[in-house]
Each structure stands twice: as structure tokens, then as C-alpha cells.
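Everything on this sheet refers to the single structure shown next.
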Amino acid sequence: MTRRRLPEWLVLLLPAIIVIAAVVLIPLLFSLYSSFTPYKLTRPSTLWKWVGTYNYEKILSDAKFWAAFGRTVLFLTIVLNLELLLGLGIALMMNKVTWGQRTLRTILMFPMMFSPILVGFQFKFIFNDNIGLVNNVLQSMGFNAALPWLVDGKLAMFSIMFAEIWMSTSVFAILILAGLFAMPRDPLEAAKVDGCTPWQSFRHITLPFLMPFIYIAMTIRSLDVARAYDIVQIMTGGGPARRTELLWTLMSRTGYVDARMGLANAMGYVSIILSILFTVYFFRKLSAARAELGMAG
Amino acid sequence: MTEVTLSNVVKKYGALQAVHGIDLDIQDGEFVVLVGPSGCGKSTTLRMIAGLEDISGGEVSIGGRVVNDLPPRERNISMVFQNYALYPHMTVRENLGFSLKIAKRPGAEITEAVNEAAQILGLDELMDRKPAALSGGQRQRVAMGRAIVRHPDVFLFDEPLSNLDAKLRTQMRVEIKKLHQKVESTIIYVTHDQIEAMTLADRIVLMRDGHIVQVGTPLELFNAPVDTFVATFIGSPPMNLVDGVVEDGQIVLDGGVTLPVPTTAGRLSEGQAIKFGFRADNLMPAGHAVDEDGAVYELDLAVTLTEPLGTETLLFTNMAGVEVQGKMFNPRPVRPGEKMNFRLMLDKCHVFDAQSGHAIRR
Ligand SMILES: Nc1ncnc2c1ncn2[C@@H]1O[C@H](COP(=O)(O)OP(=O)(O)OP(=O)(O)O)[C@@H](O)[C@H]1O
Ligand SMILES: [Mg+2]
């Protein structure tokens, strides 16, 4: 037998390589390629027309895109910070609970168990200006006006944030709680003896210890929120008049409603940069916080 | 002036009572060691003094002030923890200065106090490292440094040396003793190691099961233990105890050895079951003892095992069916099984009631 055989390591890696190629690499390359074409879903032949960086140039000068981009960053910033504060508060309180803590922890996870689409529908109902729960409550308390929760741009943004925060604060709470459980008790006692008030102990001892856990939660959630789509799509569809348009609703509109897949893919690549920046930023912070605590890496 | 007084201090964890009404007076500047077997409530007692544990009953006062309801920060105490409890995210310098920073002292004062502590403990070269980059002994010194920068009224130590290797432990023991001579503060020190207790203490408080068994200077506990527990806990090797009974005003050990121990003043009653106690130092082969003054009882015993320690050798033998240890100074090689003529120094022996274990003074 003189037939050449593949080297052993390659044979062993081949299944993994094939799976990764099929699932990740080929779609990735395909979408990257198509972002350089005027590809329209309705006219497949457009896939073969090379337009260079035309799509990218178009995006970069497109006010709608930048509005969505800016809105996404704003959304991300507000949502992450509020979730952090609420999650931290919840975790600190849960840590004090001595009785029934397991049950509470399970209850805390409930919002994460629902499909975001259902959460979207639920809040769409809650914030509905005619029959919604919020307005009914407000009216029964004597406020006369029916607030246009999902119609007014600012209020709609608020409502979406509210839904997002309701659904995902527990990610922060759970991770921070894990941090509190892992926290050694001794330094806290040393701090008490060293003269710290409870607030000072928290500020100088507990918080630095929790920072790595907070950054992990931040990384996870920033990726999550940066691709926020379902809740927005259900609650407002990016409207009214694009005032709640985020990157992914814009992309899906461009790709599937306008059928301009090439352009949508280009948007996708630009917005991925956003996610990468956030991830890199939080990972830097994470390593710094871990180094601070004397942990490896 | 900082005396520490405990009166009838009780600690309960739910149904479990960890400390049963302890009374203790500690003088200003005194070095008191709480010692006892694991789980006897030493740490609990110390933590109640520190304010890290609620006091279930009784009163703790520091410097004449009842501190039961004061948080630790208002007690002006420092504590060194068993596993150091350094702040992992702070450098050695920050660890040392933390308490002063919290107390909002001026920067120059903090720097000075930190440098002084660093110098006393030889930490100068480690000031910018994080605790993770320190060895156990170095961490231990930082923990001590953190305690001394504040010039507290009372130092509390909870087994500060138990994570160190034997050599370093001996070294740090000396450091702690020097430190006490330098700062002259009151020190309350917890350990389960009787050698640490003996070497460091002005006064030892020996505890068992949440009770104080005996309080006294190291030599008082060594020479006049109140019961068999103290006798076997203090001193190394532990005191030998052999069962016996009182017959005709003399002590007869199980197995028939009759010791002419004078049992005056009617403290021992005829037929009373006793435990006869003596230390290894008081059972020595002829010609190898330190002094042979006083009443001596001679007996021939076969050596079963030897432990040479250099200046002395421990000899294991059997007396009345019990393994006992004797000692030999100016040691010579001894074969296992060799019969030697031992001298038992009766004046230094102890007699305990067999039932209660209490010492009976002769
Ligand atoms: N938080 C707690 N809850 C319930 N029981 C406790 C608690 N802390 C200590 N105990 C019990 O109190 C008793 C005394 O404990 P303590 O820690 O004071 O012992 P110790 O003398 O310091 O022992 P060691 O030498 O092992 O440190 C033990 O029986 C222990 O089980
Ligand atoms: Mg202890």
C-alpha cells in the first residue's frame, strides 16, 4: 500500500473541523462575502455582483444606522447599570436571609425561565395605554391621563428597559450571590476589628472582592443586551417612527422586510465591533480585578 | 489602664452551650493564654471579647467599661486571626495602614506608624506586595503588624501560629514575646498547644468543654495541677498516671508495688481508689538523675522503648500494667528489654481521686 494517509492528528481533529466549518465558518464567510454584494433575498443573482465597500460606506453615512447604534449603546449602558445596582441589592439582601434561601433563589430565577417573546407580550399588555395594567392602576389612583407608554418615544424606551431589567436582573443577582457565598469571612471580621462600619466594610472589602463576579455578569449581559431583539420587536417593533429602533431590529428590518441582506450583513459586522469592544473592555476589567485580589490571570 | 474582666460569661448556639459562665480577671499588660483541647470554647470566648460574637449572658468589660453591646470598632482591640485574614486586594502597606485610614488619621501619621510596625516586624522589603505573594510566615507577620499599628488597648490572638511549620513557630513565639515586652499591652492569646501556653503566658487559663479548669502561672499549672486533665494536658510528655488504692496509710499500685507515700492529715481515706501521678522527670535510672534528694523509691523496670532527644532520652516502661515514661539525663544507649534500676521521687508525685480526678493534696 503506497496510498498516502492523512496524518493522525488531522484525522482525529477532522470531525471537529468539519462541524466548526459547517456551523460557524461557512456562514461567517458567506455573510462576510455577501456584505460586499448588493445581495437581495428576492433576487439571488445579486449575490454574484461585487460592489466592494459600498454597503459599508452607505452605513457609515446613514443617520438611521447611527441613531440605532447610539440608542443601543444608551440602552446597554442604562440597562447594565440598573441591573447591576438592583442585582447587587437583591444579592446582598438574599445573603442576609437565613431561612428559605433556597426557595428564594429559585424564585429569583423565574424571570429567566420565560421566553423573551412571552415577556415582551406580557409587558406589551401591561403597558398598553387603554387596557394596560399600569394605566389602570394609575387611573384608579386618581391620575386622569392615560400615559402613552408604548407610543411616546421616551416612555416606550423606558417600558422596554423595564421589561429587559425585569427579565434579566437575576443574572447579576445570582452571580453576585455566588461571589458573596465564595467570599471568605475572615477579612470582613478583620475589618470590623480594624474599625470599619458596615458601610466601610462593604465599600473596602466586599465590593473589591465582588468586582470579578460583577465583570463576568457585565460581559455576559453586554453581549445579551447588544443583540436585544425579541422584546423590542414584540413591544414596539422598533417604532413608533423608529424611536425605539435598536441595531438588531434595524438589521432584521433591512434584511427581511426590505430584503437587502447584503446591507444587513454589513450592519451586522459593524455592530459586532460594538460587542467586541464591550467584551474586551470588561475582560480587561475582569483581569485587573482578579489581579487586584491576587488571583492568577 | 486596660484590665479585661469576664463575669459569668455564657455563650449559647441555639440549644448548644459553648461557654458555661466564665469568670476571669485579666490585669493591665498581662499576657494571658487560653488553652485547651479542640472545641472547648477558646475561640468563642476570644470572639466574645472582640465583639465578633454576641454574648448570651454575663458581662465583658474592657478598661472598666462594659462592652457587651459595643461593636468591635468601639472596643479599641486588635485581633490576629488563625488564617491571618489579610485583605487580599491590598498591598502589605495598605493592609498595615487600613485601620488608621478608616480612623481618618493624617497621612503623615499613618506613614510613620506603618513604617514603625514594618520595622519591628522586618516587613520593609515586602511593603508593595499583595498577600498572595507572601509566604505563610510573612503573612503572619503582616497580620501582627496590622494589629500593632493601632496601639490598641488589648491584643487578641487566635492560634496565630498554628499554620506555620515547627521551626517558624518557635521563631515567631519568641517574636511575640518580644513584641509584648515592647508594647506592654494586655494580650489574650488562644492556642491548643500547651508548649506555646507554657512559654508565652504570664498566666494560663486552661479550659475544657466550655468551663475553666484551672487558672495560674505556667509553673503553678505544671507543679500543682488541680486534676488529672490538667496534669495530662500541661507538660510534655504528659504526666504518668497509675491506678492504685490506699492501704494502711500507704499507696498500693495495681500489680502490688507499695509506695511509702505518707498520707497525712486524713486527706486520703483507707481503701480509696486513687490515681498516682508523676512526671517523666521524676522517674530516672540511678546515676542519670538531676538530683536525688528527698524521698526516693527504688524499683527495677524493663525498658521497652527509647526516644533519644539529645540531652535526655525518654524511656518507656511498664508500671503496674500501665505504660509510663521516665527520663534519663547524660544518656547512654539502652537496649529494649534492658532492666534498669529506677528512682521514683516521691516528694514530687501527685495523688488524684480515681473517681472525680481531683488532686488530693498530701
Ligand atoms: N457558629 C457556631 N454555631 C454552632 N456551634 C458553634 C459555632 N461556633 C462554635 N461552635 C461550637 O462551640 C464549641 C466551641 O467552639 P470554639 O470554636 O470556641 O472551640 P475552640 O476551643 O476554639 O476549638 P479549636 O481549638 O478547634 O479552635 C464547639 O463545640 C463548636 O462546635
Ligand atoms: Mg478555635
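For the protein sequence lines, the chains are A and B, in the order given. Each residue of the first sequence is one higher than the one before, counting from 8 in the numbering used here. Each residue of the second sequence is one higher than the one before, counting from 494 in the numbering used here. For each residue, glycine too, the CB sits at the ideal point set by N, CA and C.
- Within a 10 Å sphere around the beta-carbon of B/ILE570 sit 16 or more other beta-carbons, which makes this residue buried.
- No Cβ of chain A is located within less than 8 Å of the beta carbon of B/PHE726.
- Residue contact with chain B for A/LYS103: absent (no Cβ-Cβ distance below 8 Å to any residue of chain B).
- Relative to ligand 2, the beta carbon of B/ASP651 is positioned inside 7 Å of a heavy atom.
- Distances from the CB of B/LYS535 to the heavy atoms of ligand 2 include at least one below 7 Å.
- Neighbourhood of A/VAL200 in chain B, by CB distance below 7 Å: ALA543, PRO565, ILE570, SER571 and MET572, in chain order.
- Assignment of alpha helix (DSSP H) within the segment 102-184 of chain A, counting only whole runs of 4 or more residues, yields 108-120, 123-133 and 140-147 in chain order.
- B/LYS660 has a beta carbon lying at 8 Å or more from every beta carbon in chain A.
- Among the bridge pairs identified by DSSP, B/PRO778 is matched with B/PHE835.
- Checking the 7 Å criterion, the Cβ of B/VAL683 is within range of a heavy atom belonging to ligand 2.
- DSSP, reduced to helix, strand and coil, places B/GLN707 within a strand of the structure shown.
- Neighbours of B/PHE822 in chain A, taken as residues at a C-beta separation under 7 Å, are lacking, since the least C-beta distance is about 45 Å.
- By the Cβ rule, the segment 548-560 of chain B does not count as touching the segment 691-701 of chain B, because fewer than three pairs are nearer than 8 Å.
- For A/GLY301, the residues of chain B that pass the 8 Å Cβ criterion are PRO581, HIS582, LYS623, PRO624, ALA625 and ALA626, in the order they occur in the chain.
- Under the three-state reduction of DSSP, B/VAL817 is assigned to strand.
- A buried status is given to B/LYS535, since no fewer than 16 other beta-carbon atoms sit within 10 Å of its beta-carbon.
- In this structure, the beta-carbon distance from B/GLY803 to B/GLY748 does not fall below 8 Å.
- For B/GLY770, the enclosing beta strand (DSSP E) covers residues 766-771.
- Residue environment for B/PHE650: buried (at least 16 other C-beta atoms within 10 angstroms of its C-beta).
- B/GLU791 carries a strand assignment under DSSP once its states are collapsed to helix, strand and coil.
- By a beta-carbon distance limit of 8 Å, A/VAL158 contacts A/ASP136. Their separation comes to about 6 Å.
- The C-alpha of B/GLY529 is placed about 19 Å away from the C-alpha of B/PHE648.
- The DSSP-derived three-state label of B/ILE681 is strand.
- Looking from the CA of B/GLU605, the closest CA among B/GLN575, B/HIS644 and B/PRO581 belongs to B/HIS644.
- Just so you know, the alpha carbons of A/LEU254 and A/PHE169 end up roughly 19 Å apart.
- Taking the Cα positions, B/ARG598 is about 27 Å away from B/LEU627.
- Interface residue (Cβ-Cβ distance to chain A less than 8 Å): B/SER592 is classified as such.
- Among the CB atoms of chain B, none fall inside 8 Å of the CB of A/ASP231.
- DSSP places B/HIS582 in the coil class of the three-state scheme, outside both helix and strand.
- For B/ALA511, the shortest separation between its Cβ and any heavy atom of ligand 1 lies below 7 Å.
- Near chain B, meaning a CB-to-CB distance below 8 Å, the residues of the segment 199-225 of chain A are LYS199, VAL200, ASP201, GLY202, CYS203, THR204, GLN207, HIS211, ILE212, PRO215 and PHE216.
- If you draw a straight line from the Cα of A/ARG249 to the Cα of A/LEU35, it is about 28 Å long.
- B/PHE771 is positioned such that its CB atom lies no closer than 8 Å to that of B/LYS820.
- For B/ASN775, the CB contacts under 8 Å within the same chain, skipping 5 residues up- and downstream, are LEU837, MET838, LYS841 and CYS842 in chain order.
- Judged by their CB atoms, A/LEU257 and A/LYS47 are not nearer to each other than the 8 Å cut-off.
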